[in-house]
Each structure stands twice: as C-alpha cells, then as structure tokens.
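Accompanying notes for the structure given below.
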Amino acid sequence: MDARRLFVTGAVIMGLAVALGAFGAHGLQKVTDAKGLANWETGVRYQAIHGIALLILSLAVKRFSPRALNVAAICFIVGIVVFCGTLYTIVLTGNPWFGRITPIGGLFFLIGWGTAAVAHKRVD
Numbered sequence: 004m005d006a007r008r009l010f011v012t013g014a015v016i017m018g019l020a021v022a023l024g025a026f027g028a029h030g031l032q033k034v035t036d037a038k039g040l041a042n043w044e045t046g047v048r049y050q051a052i053h054g055i056a057l058l059i060l061s062l063a064v065k066r067f068s069p070r071a072l073n074v075a076a077i078c079f080i081v082g083i084v085v086f087c088g089t090l091y092t093i094v095l096t097g098n099p100w101f102g103r104i105t106p107i108g109g110l111f112f113l114i115g116w117g118t119a120a121v122a123h124k125r126v127d
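One point on numbering: in our numbering, the residue at position 65 of the sequence shown is 68, and numbering is uninterrupted.
What follows is the structure, given as structure tokens:
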C-alpha cells in the first residue's frame, strides 16, 4: 500500500470513528445499557487509535521498511474490522457470541505494533 492510499485509509477510518462516536453518544442511550455504551466507546477508541497509527505509518513508509509497515497497516485494518466490528455488533445485536471473536482482532493489533516496532531494522 503506498503512502497516499495508507493516509486516505487512515483518514477515512478516523472520520468513521468520529461518526460512530457521535452515534454512540447520541443514538444508543435508548438502545443499550451502560455496559453496551462502554463497549461501543472501547470500539471507537481503538478504531481512532489505530486510524491515527495508519496516518503515522503513511508518513514513515519512505523512511522505514515499506514491506514491514504494510504488514503493520494490514494488521491494524484487520484489527479494526474484527476487534471494533465485533464490539459494535455485540452492542447493536445484543448477541454476546461475537465476543468470542473480538480477541482475534486484538491479536492483529499486537502483531501490527510488533511489526511496526521492527520496521526500522531493515529498509527494503
């Protein structure tokens, strides 16, 4: 993924995080309980953190290993879809079964951060 596409992806993910955060703050009080709102907020927070991480990775692509940073970016995107997506799904459906999948998204976040940490070691 080139720097421009990575930056745009990060910006879109951040925009969605803002929209989902606003929806959670204003549209979910009557739909879910305090635990559901907390889960929603956790999903938005992790999405925003990793959206910002994608923006930062887009700036680092020319300086560090693009291959490693692409792997990190893909891991962050998968993590957002799986981790945050399952939290949103739990809140919207009320089905806690999706919580069994959530840790897989967390694992992708961890792999992404580990890969980003070693990206400076070797420039491709």
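Idealized CB from N, CA, C, for every residue including glycine. It should be emphasised that the depicted structure is a prediction, and the values quoted were computed from it without experimental measurement.
Quiz prompt | For N42, the nearest candidate out of P106, Y91 and K124 (CA to CA) | solution = Closest by alpha carbon: Y91.
Exercise. Quick one: grab the DSSP three-state call for Q32.
Key: The three-state secondary structure of Q32, taken from DSSP, is coil.
Quiz item: How many angstroms separate the CA atom of R7 from the CA atom of I52?
Solution: Rounded to whole angstroms, R7 to I52 spans 19 Å at the Cα level.
Quiz item: Residue range of the alpha helix (DSSP H) that H53 falls in?
Solution: Its alpha helix (DSSP H) spans residues A37 to A63.
Quiz item: How big is the Cα-Cα spacing for I93 and S61?
Solution: For the pair I93 and S61, the Cα-to-Cα distance works out to about 31 Å.
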